[in-house]
Amino acid sequence: IEIIKRSDKAKGFEVLPRRWVVERTFAWLGRCRRLAKDVERSIASAEAWIMIAHIRLITRRLARYGYR
Numbered sequence: 003i004e005i006i007k008r009s010d011k012a013k014g015f016e017v018l019p020r021r022w023v024v025e026r027t028f029a030w031l032g033r034c035r036r037l038a039k040d041v042e043r044s045i046a047s048a049e050a051w052i053m054i055a056h057i058r059l060i061t062r063r064l065a066r067y068g069y070r
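Residue numbers for the sequence shown follow this note's numbering, so the first one is 3 and each next one is one higher.
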């Protein structure tokens with residue numbers, strides 16, 4: 003993980019590079035009800051549910067665009 007800091011010379015709003023990608027991914031995962039709350043007892047279980055959420059997202063996108 004790389005921490006990206008805002009430059010000292012910047013004034014006003016400045017888009018931080020690649021940060022929006024992470025925030026967008028967290029928003030997609032937040033749409034999965036089970037991942038909206040931290041109820042998993044083990045890290046392995048939490049990782050499995052994150053993988054399931056990503057698989058669900060990818061299969062829906064593939065189905066939407068008609069890939070076979």
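A virtual CB, placed ideally from N, CA and C, is assigned to each residue, including glycine.
> So, helix, strand or coil for residue 8, using DSSP?
Replying inline: Note: residue 8 maps to coil in three-state DSSP.
> For the putative contact between residue 64 and residue 30, defined by C-beta atoms under 8 Å, what is the C-beta separation to the nearest angstrom?
Replying inline: Rounded, the Cβ-Cβ distance is 15 Å, inconsistent with contact.
> CA-CA distance, residue 25 and residue 12?
Replying inline: 22 Å
> Per DSSP, what kind of secondary structure is residue 47 in: helix, strand or coil?
Replying inline: helix
> If you drop the 5 nearest sequence neighbours on each side, which residues of the same chain put their C-beta closer than 7 Å to that of residue 48?
Replying inline: Same-chain partners within the cutoff: 42.
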